[in-house]
Structure formats: structure tokens, C-alpha cells
């Protein structure tokens, strides 16, 4: 490589020193004479005297001032002057031994100086170097080598980059940069492509391993004066491009611009290993050629990709729009089409040309004539736009529409037409369908019971522009000729405020709906529902208003009638003596009439939102909620009795009848109830039940007299016997125990009679029904036994509790047993017995008590009337006819039932009661 120590001389002859003056004789043993040194400076290009220690003693000759000064001028060695050589310990061996050698010395310019050296030894191991400048001969040789090397690199680029895949192009360029960097001793190289916004981006790069260069692929570089460079330039820290050097953190950069045709710009940037190496290598012209060839390859590949992508997008666009490009040569009267247009015209595969006559034959005759005339009359800057019909191949084929659109390009003489041809068959069909739909819609609008109108917005005013023909049918007016003020004069005076506010709201919010009255042509008032929307243009400015009028006169009249009906209903409800209310699923009151409010003793406003469980017991509230849940599917009306606990007053009983109300989805909305005060009837029933209880107690008096005499007789006899044997303590103790037992028996009878005779509690409670059976047997068993009637009580396996009133159940059992006893006493023969017992119920949650006798039963015709008030089968004067009726009501009030049937031996009464929870 040129620039290193050259070794022996090359084959080219060096110019001889000037020979006009004779050379003085030089004696080697006596050292260098001054006369010989002067002669050498005049006749040789460079003279170098070396001492015994290989230091340069002095320099002379015509080219001495062109040498670069050494780093240490006071003790310079020959190696300090050599190009790209470290300072050696002494002169090179070949310099001492050879008679002639070529040396490259550093110069003050970028290019080194090459000398052919003759060595003359001096006394004391010194020598004299007589040098002839042969730089021009070496530069020419190096230039040829550099050009050959440059051509090899270009050949490599052309062969490598021309066939590599586009995705691998940066890598291939990087390999080429690696070859150049290794050849020209560069740490890194990069190809930078100019960007549209200025500056550049590294397309590909090579960085020698271990080098800290920042030239990496994808790096964005600012302009930093790159665009101003015209030739290959070495950038330094103090020159132009210092900002680029600071960004890349380097001292020197070799920048080679490459400007191609079309304005495409690229830069080949290299970072040398040192300042000395930056001067070697290719000449600026070679660098320029190399950079342009590399940029040409890269831009060519990128341009081909852009063209392929553009062609692909064009084909895709043609397929999407169902059209393509055409060109018409007026001189030859021939058309040239793209492949997409050829497919639309159904040309044979590969054919893309038609004459004008051939093309006209493919269109409908009327369209062909128009096309021919338009082509002939088209001016220099005229445009062509026609919709043409293709002639179908058969009558069953759907006619296709094509849109031919283009303009003239060039002059009238040698110009041609170019444009696009689109298949608009689908658009034409849609347009025809839209026209038909528009006609149907227009007919529907004109005959619809609504008025469609359009108002234009000008300077904040609404100007009528269109009314559908239905306006004349609805109002009997021709509104097309009326302005907005004329329309406002037909608005009812009471509605003018809302009418004008409608316009302001519409312009402010963009949408409005209002109702007002408008007078028709006959002077009648119509209620109109007006709904309008404001449309804006692309700048967001109000453009027009589209709205409709709907005649809602009948609705307003119906609403008026409903309001009048509601007023009558309200007055009826408020003045009704019945207690009326409505409540939600949570039992919260939503409506209370005045009668109900007076009943509760509170104002209507304070009752709304109150829950019914404030006055009702937990049992009644549970029943109401169960009604709301279970009756949700039917909505039928039901009635039952509720007890209201009014604070500070006595309990009131209401007969409650409610109906469930549902919405359109079948969800419970609320319940409406009508009630009446049943307190007096309830008190009468209680008094009647108490009277019946006392009557039954009176009937038991005769039996109770014997029941009480028997213990007294036993006690008297026991006391008499005790008096007879006062001296026997054991005997006295037994008698006293017997007396005490009889006292307990008598006490139980008397106490139970007191319980039986008192009034019942207000609230039901759980109790043992078998205990009631035992108490009744205690009261009536002894007397029935005296009358020859066997009263049998079955002992149950389990003793569950029921909900109700224990004393009322005893009253019912006493009544049933008394009736059975009376029937058995009338029986003359046969066994007489009454059986009382608890029986399991087939239906869960219930318990049954059975009372049956052997009296022969009840007449079948009388079974349906047996529980009617004042109905009796006993002789006149022996019965009131209220016992079974009262018993039936008592069991029903406890939530149970009492029924009768005929068994095998006699009548069978079945009492069913609900089991207590838990």
C-alpha cells in the first residue's frame, strides 16, 4: 500500500541530478566537506546527513522545505520523517546496506513525498542520503492501483446488491462497507440517505469490532452542513461539520456526497483510524464515483420497490373501484386500456388495444354516437365524462353501465386523451332503487298523518322552505307560500311563548320538541306535536332544520276526558265511606283516601310512604306479603280480615279486599285495597261466641253439680272415718291424702271452668291441641259416664302445637261433644260412645282433630245447612241453632276449617288447624 516504507526502488528510472557543474571529490575517510554539501544541495532534490547515532544532522536541497517538521526538532531521527512509521532506534537496515532505495517522507501537504535515495557512507559510521523526488511517478502508479481497487469495489457492489432481496439490502450494503473500510483503513463507514424534512438517516453501516463509533443503522443525523458539501471533505473539529463530529463523538470524518439525477442525495461517511490514515486511500474523484455508484444501487432498489408497491396499490385500487386507466390516441384513433379495463370490456386475454370503431360497437348505439361526437368536439383543455351502456350478449344478461372520464393531455395536434373507466352498474342500480324509494317515500310522506317540513337558517332566522302535501290535508292550508310570521299568526295566543322559545332552543341546542295549537283553514284548533333537529354544514354552522308535525288533538282531548274522569274518580274515592288505599310490594302506602286517614287518625300527607306493618301484627304482615308473592300470577281479588292496632285506641278489625296491579312486563306495580270497618261485627261475634260459651257452660252445670258432689261426698266419708280412728296416725294420714286428692280434683274443675268462661286473647299463640281434648274430657267425662255414654280419648304418638286460641278450641269441642251427647241420648238401643282424637293430616303443615259418635249420623239433605246460623235439628225449645255456626267461625278465624260428614256409625266432625312454625 502506498505511503508505507517502500523498500527497494521500482523499475521506473529516476531523474539524474544536475550535471552541468562537476561534482567535487568526496573522501569518505575525512568526512563530509562543506564544498560537497553545497554542491549536493544545488544538484539534488533532498540531502540528509545522518551522524553516527542515526540522527539527522542537517537537511538540504530544493524539496527540504516541503518536508513536515518532526515532533522533536532538536533530536530528530530519520524515522520521524518517514510516512506512517514509528521512530526507529536507528536507520533501517536496508538504507545502510543498499546503495539505492525508495523512501516516502511526510510532507506539509496531504500527499507524501517519495524519493529515490543514494547512500554515501561517511566517516564515523555516518552517511549522506542523496534523494531524487519521484513522487509524480509513484502517484501515477498509486492512482492506477486505487482506481483498480475502486473498480473492484464497484464491481462487487453491482454483483452483490443487484440480486440481494430488498429486506437484506442493508446487510449487503453493510458488507460492502466492511470491504471498503478494511481496504482503506477506516474504523467505521456508513451510507446516509437524505430525508424529506432535512438531515439524513443511516441506511447501512459497518463498525470495526472494538471501535466506539456511533454510526449505527437507523441513526438520524441533523443537517449540520452536510447539504452544503459538494466534494469529498475531511471534517475536523475546527471546520464545518463540527456539530456532526460532536454528535458522533469523533475527531475526523471523511464525508463524500453523492447527488444523483432527480435530486436524490446520499452521503458516504467514514471515520479514519487517524489523521495520517485519512490522507491515504482513494482520490476525491474515486471516492465520489464510489459513493455515487453505491447510492445509485440503493436508490435504484428503493425506487423499484416504490414502483412495485405503487403498481400493486394501483391494481388493488382498480380491483376495488372496478375500473382502470385508458388512453386514446386521436391520430391513430385507437384506445389502450389497463388490464382491469380490458377485463371489464371482456377483451381476450392479453389484448389491451381497440380501435375507436371496435370500441363504439360495444356500447349502446345512442351512447356510441354521443361518445363519438364528444371526442371530435373536445377542446384543448376539455374534459370528458360520460355514462355508457354496454351491449349485453343476450337479452337475459343485465345491462352494465360504464363511466368514461378523462381529459386531453398535450396539444391538439400530437396530444392524447387519458382517464379512467369505471364500472358504475351497481351505483346506477342503487341510484334507480334510490329514486324509486324516494318516490315511494315522497308518496308516503304526502299521504302520512304527519307533516314533514324543512326550514332554512339565514342569519339566525328560520325561513320555511318545504312542507309536505299532507299539510294541506291536515290543516287545509297551503303553507308553501306562507312565511314564518304568517304561520306564527295562526298559533294560539296562549302558546305563542312556547312557539317562539322552540326556535331559540333549536338554534341553541340543535334539537327541540314542543306542543302548541294551530288554527286550520276552517278556524278549528289543532294540537300539534312539533319535533325538529338542526343540521349543520362541514364547518359546524347551522344549515337547515328538518322536523315534523304530528296532530295530537285526539290525544289532548282524550287526556282532558281522562283528567275529568280522574277528578270524578278522585271525588268519588275521597267522599266514599269505604277505606281505600294503595301500597307497594314493601307495604308502603302510596295513596290513602280521606276516610282511611280519618280512620287512622293522621293527615294524608303524613301517611304516604308509611308501611302497613306499623299498624298490623307480624302475622297479618306475613299474610299480606305472601299475597303479593303468591297472587302475582293471577291478580284476582281476595278478601280477609285484618286487625289494626291503633296507638292509644282499641284494636279495630277491617274486612280487607285487595287487587294486584301489574305493568306491561307483568311486574307487580302496586296493590289497591278497599276495606270496611268490621269492629262492631267482630265485637258482636265475640259476644255471641262468649254467649255460646256461657250457654255451653250452663248446660254443663248439671253435670258439674254431680262432678262437685262426688268429691265432697268422698271427703265427708273420709272425715267421718277419720273421727272414728283418731288414735291411728297411719290411718289418718291415708284419709287426709284422699281428702287432699279430692280437693285438687275439685280445684282443677273449678279453675278450668273459670278459664273456659273468660274472654279470649286478641293474638293467637301456639298451644297443644291434645291438652284441650284432655281438659274437655275432664269437664264432661264424668257426667257422660253417668248417662251411659263412653267418652274415649285416643293418646297420640306426638303432640305438635298449632296456632290459635286454646279456649276457643275447647269451646268448639264442648259444643261438638254436647251435640253428640244429645243425639246419643235420643238413641234407644245399641252402644253409645263418643271418640275424640288427634289424627295425622295428608297435607303438610296441618293437624286434624276427629270427633265421631255412634248416633247414626245426620240426614244427607241437612249436611249443607248444618253450619248455618239458627239452624238446628233439635226439638223446639231445646236448641238455639248458633252452636255449630259459632264453632265454624271460631275455627275459621284461627285459619283452619270445620267440616262434617257421615261415618259408618254416626256423624264425623273434622277440625283442621295450621301447625305452629318451628
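Residue numbers (this note's numbering): 61 to 978.
For each residue, glycine too, the CB sits at the ideal point set by N, CA and C.
Ranked by how close their Cα comes to the Cα of residue 346, the residues 358, 362, 328 have 328 in first place. In the same chain as residue 656, and ignoring 5 residues on each side of it, the C-beta atoms closer than 7 Å to its own belong to 639, 640, 641, in chain order. The region 179 to 191 and the region 96 to 113 touch, with three or more beta-carbon pairs separated by less than 8 Å. Within the region 360 to 440, the runs of beta strand (DSSP E) at least 3 residues long that lie entirely inside it are, in chain order, 383 to 389, 394 to 397, 413 to 415. For residue 497, there is no enclosing beta strand (DSSP E); the enclosing alpha helix (DSSP H) has its first and last residue at 485 to 507. Secondary-structure assignment with DSSP links residue 898 through a beta bridge to 909.
When DSSP reads this structure, residue 117 sits in no beta bridge, so it has no partner. A Cβ-Cβ separation of about 6 Å places residue 849 in contact with residue 881 under the 8 Å criterion. Taking the C-beta atoms as reference points, residue 944 is found nearer than 8 Å to residue 926.
Taking a 10 Å sphere around the C-beta of residue 309, we find fewer than 16 other C-beta atoms and assign the residue as exposed. The Cβ atoms of residue 653 and residue 636 lie closer than 8 Å to each other.
Here the alpha carbon of residue 369 sits roughly 15 Å from the alpha carbon of residue 379. Straight across, the Cα-Cα distance linking residue 973 with residue 665 is about 41 Å. The Cβ neighbour count for residue 710, taken over all protein chains shown within 10 Å, is under 16; the residue is labelled exposed. A contact is defined here as three or more CB-CB pairs under 8 Å, and the region 445 to 455 fails this definition with respect to the region 347 to 367. Cβ atoms of residue 165 and residue 143 come within 8 Å of each other, at about 6 Å. DSSP places residue 724 in the coil class of the three-state scheme, outside both helix and strand. Boundaries of the alpha helix (DSSP H) around residue 622: 613 to 635. In this structure, the beta-carbon distance from residue 907 to residue 862 falls below 8 Å. As computed with DSSP, residue 314 is found in a beta bridge with 294, 330. The residues 864, in chain order, have a CB closer than 6 Å to that of residue 954 in the same chain once the five nearest residues on each side in sequence are set aside.
Each of 397, 356, 513 was checked against the Cα of residue 589, and the nearest Cα belongs to 513. Take residue 573, set aside five residues on each side of it, and the residues of its chain with a beta-carbon closer than 6 Å to its own are 591, in chain order. Residue 593 has 571, 606 as its beta-bridge partners, per DSSP.
In this chain, residue 932 is not harboured by any alpha helix (DSSP H), its DSSP state being neither H nor E. Per DSSP, residue 99 is one residue of the alpha helix (DSSP H) stretching across 94 to 103. When the beta-carbon positions are compared, residue 222 and residue 265 stay at least 8 Å from each other.
Residue state for residue 465 is assigned as strand, using DSSP reduced to three classes. If only uninterrupted beta strand (DSSP E) runs of at least 3 residues are considered, those enclosed by the region 816 to 868 are 825 to 827, 850 to 853, 862 to 864. Annotated as distal: residue 427 and residue 460, with beta-carbon spacing of 8 Å or more.
Under the 10 Å beta carbon count, residue 533 is surrounded by fewer than 16 other beta carbons and is classified as exposed.
Cβ neighbours of residue 738 within its own chain (closer than 8 Å, five residues either side excluded): 701, 713, 714, 715. In this structure, the beta-carbon distance from residue 260 to residue 286 falls below 8 Å. By the criterion of a C-beta distance shorter than 7 Å, residue 729 is surrounded in its chain by 721, 722, 723, once the five residues flanking it on both sides are discounted. Going by C-alpha positions, residue 883 is about 43 Å away from residue 681.
Rounded to the nearest angstrom, the gap between the Cα atoms of residue 948 and residue 962 is 18 Å.
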